[in-house]
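First the structure, in the form of structure tokens, and then the observations on it.
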């Protein structure tokens, strides 16, 4: 989840679009993985498509974008930003995301849900407490680069 602060809002963006709210910074409230979804959008009156990037902490949130792709709106690539606690290194990392899946595990007889992230060099990160990684079970694939990135659209 991202946190914003009202005093940092860029109110001068309102004349561009009344529905638009902009912040020069956001806070990531928990050290967890963030999907960086880069897409191209061709709006009404645009001569050229504009590349934009969504920062998404829940892969289910960009599923609708993946299913509604067309020549005017398509996903170019998805990268994964991971904190050192998840990737096992000394700092945050950005890696190409190959697949994101939903997983479950039981902790004290309570069912929990999380995500498994397959990244570019065959590494897999799971947002599961370490003692439950082995017992985590696959539920479904939410994002697959092979399935969801159309090479004909990306060019």
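Residue numbers (this note's numbering): 48 to 202.
From the three backbone atoms N, C-alpha and C, an ideal C-beta is built for every residue, glycine too.
All values reported here derive from a predicted model rather than from experimental measurement.
For residue 169, the closest of 188, 144, 51 and 100 by C-alpha to C-alpha distance is 144. Annotation: residue 99 is outside any alpha helix (DSSP H); the continuous beta strand (DSSP E) that includes it extends over 97 to 103. The C-alpha of residue 86 is placed about 29 Å away from the C-alpha of residue 175. Secondary structure at residue 52: coil, using DSSP grouped into helix, strand and coil. Considered as a whole, the segment 101 to 167 harbours 110 to 114 and 131 to 134 as its complete alpha helix (DSSP H) runs of no fewer than 4 residues, in chain order. Measuring C-alpha to C-alpha distances from residue 99 to each of 105, 106 and 90 identifies 90 as the nearest. DSSP, reduced to helix, strand and coil, places residue 187 within a strand of the structure shown.
Under the three-state reduction of DSSP, residue 175 is assigned to coil, being neither helix nor strand.
Note that the segment 184 to 191 touches the segment 146 to 159; at least 3 beta-carbon pairs, one per stretch, sit closer than 8 Å. Out of 51, 49, 78 and 201, the CA that lies nearest to the CA of residue 131 is found in 78. Between residue 128 and residue 80, the C-beta gap is smaller than 8 Å, which places the two residues in contact. In this structure, DSSP gives residue 67 a state outside helix and strand, which the three-state scheme calls coil.
Across the structure, residue 57 and residue 181 are spaced so that their CA atoms are roughly 46 Å apart.
In the structure shown, the three-state DSSP call for residue 80 is coil.
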